[in-house]
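**Q** Got a structure for you, questions after.
Number of protein chains: 2
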Amino acid sequence: MKIFYSFEKLNAALNKRRQDKKRIGFVPTMGALHMGHLSLIKQAARENNTVVVSIFVNPAQFGPKEDMKKYPRPLKNDLSLCRRSGVDFIFLPDSKSMYPRPYSTFVNVEGLNEVLCGSVRPGHFRGVATVVAKLLNIVRPDVLYLGQKDAQQAVIIARMINDLNFPVRVKVMPTIRENDGLALSSRNAYLSGKERNDAVVLSKALLLAQTLIDNGQRQADRIISRMKQLISKKRSARIDYAGIVDLENLMPLKKIKPGCLIALAVKIGKTRLIDNVVVNQGRFSKQRKPCPFKYV
Amino acid sequence: MKIFYSFEKLNAALNKRRQDKKRIGFVPTMGALHMGHLSLIKQAARENNTVVVSIFVNPAQFGPKEDMKKYPRPLKNDLSLCRRSGVDFIFLPDSKSMYPRPYSTFVNVEGLNEVLCGSVRPGHFRGVATVVAKLLNIVRPDVLYLGQKDAQQAVIIARMINDLNFPVRVKVMPTIRENDGLALSSRNAYLSGKERNDAVVLSKALLLAQTLIDNGQRQADRIISRMKQLISKKRSARIDYAGIVDLENLMPLKKIKPGCLIALAVKIGKTRLIDNVVVNQGRFSKQRKPCPFKYV
Chain A
3 MKIFYSFEKL
13 NAALNKRRQD
23 KKRIGFVPTM
33 GALHMGHLSL
43 IKQAARENNT
53 VVVSIFVNPA
63 QFGPKEDMKK
73 YPRPLKNDLS
83 LCRRSGVDFI
93 FLPDSKSMYP
103 RPYSTFVNVE
113 GLNEVLCGSV
123 RPGHFRGVAT
133 VVAKLLNIVR
143 PDVLYLGQKD
153 AQQAVIIARM
163 INDLNFPVRV
173 KVMPTIREND
183 GLALSSRNAY
193 LSGKERNDAV
203 VLSKALLLAQ
213 TLIDNGQRQA
223 DRIISRMKQL
233 ISKKRSARID
243 YAGIVDLENL
253 MPLKKIKPGC
263 LIALAVKIGK
273 TRLIDNVVVN
283 QGRFSKQRKP
293 CPFKYV
Chain B
3 MKIFYSFEKL
13 NAALNKRRQD
23 KKRIGFVPTM
33 GALHMGHLSL
43 IKQAARENNT
53 VVVSIFVNPA
63 QFGPKEDMKK
73 YPRPLKNDLS
83 LCRRSGVDFI
93 FLPDSKSMYP
103 RPYSTFVNVE
113 GLNEVLCGSV
123 RPGHFRGVAT
133 VVAKLLNIVR
143 PDVLYLGQKD
153 AQQAVIIARM
163 INDLNFPVRV
173 KVMPTIREND
183 GLALSSRNAY
193 LSGKERNDAV
203 VLSKALLLAQ
213 TLIDNGQRQA
223 DRIISRMKQL
233 ISKKRSARID
243 YAGIVDLENL
253 MPLKKIKPGC
263 LIALAVKIGK
273 TRLIDNVVVN
283 QGRFSKQRKP
293 CPFKYV
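Order-wise, the sequence lines are chains A and B.
So our numbering is basically just the index in the first sequence, starting at one, shifted up by 2.
So our numbering is basically just the index in the second sequence, starting at one, shifted up by 2.
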C-alpha cells in the first residue's frame, strides 16, 4: 500500500496503472473508518485491480457551527485497516492543496441540495459535490463506491456524475449495522453509553415504518407521525427531519411507492445521526450486493 | 473528418486515439466559425495529433431575453471550414442529450461570475462553466484552446479547471481582428453597414487606453472616462461596461499594472459586442503565440 500526499505523484502512479489497463476503484472517505467503509473497500477490491481510498476531512462540507474540528482523525488505525483490506493507494491531501487561495469554483446540484439534510445543513452538499468532482478529476476511477447510509449524498453525487458526464460508474452499497440495528457512522464515537442505547431508535423507527408498509399502510404522513412518536419517547432525541421521498428527485411523497426513500436525521444529545431505508429493498439486508438505487 | 452526434461513439473513437498515445486538442465552439475560431483550431492541429471541435449553441448560457434563437447556425459552412483546417472529430450534440430532464447540476465560479459581463448577463458564466465541465468530461482532451476575445470566459474556465483539478492544460490565443481593428465575432453578422462602421469604436477605445498608458497615465478612472467619451460619440453605441481589472480575480483596479485587463462591452444598435486588451501584451499583435494570460 502506497501513501500519496500530492496530486502529481498519485497521478503518475495511477497513469502507470491505467497504461497497464488496470481497472481503478475509488472510495472517497473522511477517515475514521468503520465496517461500512471497509465493505466499500472490499467490494472495490473484488471488482478492480487497483483500489484507491482518499482520506480528507473536507472543510467545504462543514457549516461554521458544525463538528469539523472535533471530527475523529484516527489516521494510524485507518491506515492499518486499509492495509488489511486490500487498498493499493491512499490519497491524503491537505486543505491547502485542495482549496488553494484564491479558490472560487463550486458544484451545485440544484433542487436536491436544499431538501432533507440540505435544509438543516445549508452549503453541505455544495461542499460534498465540489470535493467529489475534484477527487474524480484527480483519481479518474472506473468505479466510485458510496454507502447507502448517506443516501442523499449518493443521490446527489450520482446525479452530478450523470449531469456533468463524468466517465465513471457509481455503486451504492448497503448500510452496515450493529447487531441491534444502529447504522455504523464515524459520529457514533461521540455518543455516551446512555446515548448509544437511545441511538438505536433511528433504525427502530425505520423498522416500524417498514412494518406499517408491510401491513398495508400507504399514507406517508401517517407513517412519519408514527416514526416521530416512537423517536420522541427517547428524552435525548430531537428530530431534525423524518421524510418519505422519491429516490430520484428527493421530493416528498404523499403515498408510499416501491423504491421510495425513508430518511431520518435525529440529534441524540449533541450528536446528529442519520439513517434510511429504501422501501422494498429488504429489511436491513446483510447481503453485500449493491442496493437497487435508481439513478436518472 | 468524422462527425459525432452521440457521446458514446465519440468516446469510443477518442479512447482508441488515447490508446495509441495520441495527444488530443479541443476547441469548444458555438459554431458560426470565423478566423478567430480557425486560429485556435490551427494551433490545436500544430500541437496535437487529434483535434476535436464541438459545435453546440449552449442554452444554459443565454438569458431569456438574449439571442439564443437568432444566433447564427451556418452548419454546412462550419463543417467545410473545419475540414479544411485539420479537424479530426466534430462533436455535434443536441440540447436534449446535453441537458436531459431532470437536469440539476451547475458549476459556479463564484466572484468571477458576477462582474463585467456577468453583471449584465446573470447566469451566463454559470452556463459557460457548466457546459465546459461537461465537454471536458466527454472529450477528456490534453489541451483546451480558448480565444482571448472572450477574456472573462477564459479566466473563468481556467480558474474552474484549476479549482476542480481537471487534467487539461489551457491555451488562450490572441484575438483576431479585421483590418480596421474590429474583433472578429459571430455576432458581427448582426450589424448593419452603418453599425459595422461604428463598431470599430471598441478597438479604437482600447487603442486610446493603450496610448494613454504608454504616455504615462496610470489612473484607471481617467482612462475609463476617456474611453467612454470616445465611444459616446457614436450615436448607435450604448456602453454596457468599461472596466480595468486584475486578470486573476477580475476585481477593478484603481491603478494600471502590467498584465491587467481592459475590457469593454458596448451595444451597437441591438448587437452587444465585447473586446479587450491585456496591458503590456503588445498592441493588437498579429502573432499567433498564446497570450501571456496568467492563471492562478
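Glycine is no exception: its CB is placed at the ideal position from the N, C-alpha and C atoms.
Counting only Cβ-Cβ distances shorter than 7 Å, please list the residues of the segment 91-106 of chain B near chain A, keeping chain order.
**A** Listed in sequence order: PRO104, TYR105 and SER106.
**Q** Is the shortest distance between the beta-carbon of A:ALA15 and the beta-carbons of chain B less than 7 Å?
**A** No, because no Cβ of chain B sits closer than 7 Å to the Cβ of A:ALA15.
**Q** Compute the Euclidean distance between the alpha carbons of A:TYR297 and B:GLY271, then round it to the nearest angstrom.
**A** Residue confidence is low: A:TYR297 scores 39 on pLDDT, short of 50, so the model does not pin down where it sits. Its coordinate-derived value is still stated next. Rounded to whole angstroms, A:TYR297 to B:GLY271 spans 47 Å at the Cα level.
**Q** Using 7 Å as the limit for Cβ to Cβ distance, is B:GLY120 near chain A?
**A** Judged by the 7 Å Cβ criterion, B:GLY120 is not in contact with chain A.
**Q** Using Cβ-Cβ distances below 7 Å, what residues of the segment 151-170 of chain A are close to chain B?
**A** Cβ contacts with chain B: ARG161, MET162, ASP165, LEU166, ASN167, PHE168 and PRO169.
**Q** Starting from the Cα of B:THR31, find the closest Cα among B:LYS11, B:ASP80 and B:ALA47 and give me that residue.
**A** Ranking the options by Cα distance to B:THR31, first place goes to B:ASP80.
**Q** Report all residues from its chain with a CB closer than 7 Å to the CB of A:ARG123; omit the five preceding and five following residues, and keep chain order.
**A** GLY65.
**Q** Report the three-state DSSP secondary structure of A:LEU42 (helix, strand or coil).
**A** It is helical.
**Q** Is A:ILE241 closer than 7 Å to A:LYS230 when the C-beta atoms are compared?
**A** Yes, the Cβ-Cβ distance between A:LYS230 and A:ILE241 is below 7 Å.
**Q** Do the CB positions of B:PHE28 and B:PRO143 come within less than 7 Å of each other?
**A** In contact: B:PHE28 and B:PRO143 (Cβ atoms closer than 7 Å).
**Q** Helix, strand or coil: which one does DSSP assign to B:ALA15?
**A** In this structure, B:ALA15 counts as helix in the three-state DSSP scheme.
**Q** Relative to chain A, which residues along the segment 110-136 of chain B have a C-beta separation below 7 Å, given in chain order?
**A** Those would be ASN110, VAL111, GLU112, GLY113, LEU114, ALA135 and LYS136, in chain order.
**Q** Which chain A residues are close to B:ILE140, counting only those with a beta carbon under 9 Å from its beta carbon?
**A** Those within 9 Å of B:ILE140 in chain A are ASN167 and PRO169.
**Q** Chain B beta carbons: is any one of them nearer than 7 Å to that of A:PHE58?
**A** Cβ-Cβ to chain B under 7 Å: no for A:PHE58.
**Q** Between which two residues does the beta strand (DSSP E) carrying A:GLY245 extend?
**A** Segment 239-247, the beta strand (DSSP E) holding A:GLY245.
**Q** Where does A:GLU197 land, buried or exposed, given buried means 16+ other C-beta within 10 angstroms?
**A** When all chains shown are included, A:GLU197 counts as buried.
**Q** Leaving out five residues on either side along the sequence, give the residues of the same chain with a beta carbon under 8 Å from the beta carbon of A:SER107.
**A** Checking the sequence shown, residue 107 of chain A turns out to be Thr, not Ser. So the list reads THR132, once near-sequence residues are dropped.
**Q** Closer than 6 Å by C-beta to A:TYR192: which residues in its own chain qualify, once you throw out the five before and the five after it? Chain order, please.
**A** The answer, listed in chain order, is THR273.
**Q** Looking at chain B, is there any beta carbon in it that lies within less than 7 Å of the beta carbon of A:PHE108?
**A** By this cut-off, A:PHE108 is an interface position.
**Q** Please determine, among A:MET253, A:GLU49, A:ALA14 and A:PRO104, the residue with the shortest C-alpha to C-alpha distance to A:GLN154.
**A** Closest by alpha carbon: A:MET253.
**Q** Against B:ASN217, what residues of chain A qualify as contacts under a CB-to-CB distance less than 9 Å, listed in chain order?
**A** The premise fails here: B:ASN217 is roughly 33 Å from chain A at the closest Cβ pair, so nothing lies under 9 Å.
**Q** What did DSSP end up calling B:ALA267 once you bin it into helix, strand or coil?
**A** B:ALA267: strand per DSSP, three-state reduction.
**Q** Output the boundary residues of the alpha helix (DSSP H) element that contains A:ASN199.
**A** Start and end: 195-201.
**Q** Where do the ends of the alpha helix (DSSP H) carrying A:ASP165 lie?
**A** Residues 153-165.
**Q** Among B:GLY129, B:CYS119, B:ARG237 and B:VAL172, which one has its Cα closest to the Cα of B:LEU305?
**A** A question about residue 305 of chain B goes unanswered here, because the residues of chain B that appear run from 3 up to 298.
**Q** Going by DSSP, what residues sit across from B:LYS230 in a beta bridge?
**A** In the DSSP output, where bridge partners are listed per residue, B:LYS230 has none listed.
**Q** With DSSP run on the structure shown, which of helix, strand or coil describes A:GLY129?
**A** The answer is helix: DSSP assigns A:GLY129 an H, G or I state.
**Q** Alpha carbons only, please: which of B:THR213, B:ASN181, B:GLY195 and B:ALA62 is nearest the one belonging to B:ASP2?
**A** No answer is possible for residue 2 of chain B: the residues shown for chain B start at 3 and end at 298.
**Q** Measure the CB-CB distance between A:VAL134 and A:ILE159 and report whether it falls below 7 Å.
**A** It is a contact, given that the beta carbons lie within the stated cut-off.
**Q** Do A:THR177 and A:LYS151 come within 7 Å of each other at the CB atom, strictly closer than that value?
**A** Yes, the pair counts as a contact, with Cβ atoms nearer than the cut-off.
**Q** Give the straight-line distance between the Cα atoms of A:ASP22 and A:ALA201, rounded to the nearest whole angstrom.
**A** Taking the straight line from one Cα to the other gives about 47 Å.
**Q** Can you give me the start and stop residues for the beta strand (DSSP E) that B:SER56 sits inside?
**A** Looking at the DSSP string, the run of the beta strand (DSSP E) that includes B:SER56 is 52-57.
**Q** Helix, strand or coil, according to DSSP, for A:ASP223 in the structure here?
**A** Of the three classes helix, strand and coil, the one that applies to A:ASP223 here is helix, per DSSP.
**Q** Just the C-alpha distance for A:LEU114 and A:LEU94, rounded to the nearest angstrom, thanks.
**A** If you take the alpha carbons of A:LEU114 and A:LEU94, they lie about 29 Å apart.
**Q** Residues in the same chain with beta-carbon distance under 6 Å from A:ASN110, minus the five sequence neighbours each way, listed in chain order, please.
**A** For A:ASN110, where only same-chain residues beyond five positions count, the Cβ hits under 6 Å are ARG128.
**Q** Against B:PHE9, what residues of chain A qualify as contacts under a CB-to-CB distance less than 9 Å, listed in chain order?
**A** ASN167, listed in chain order.
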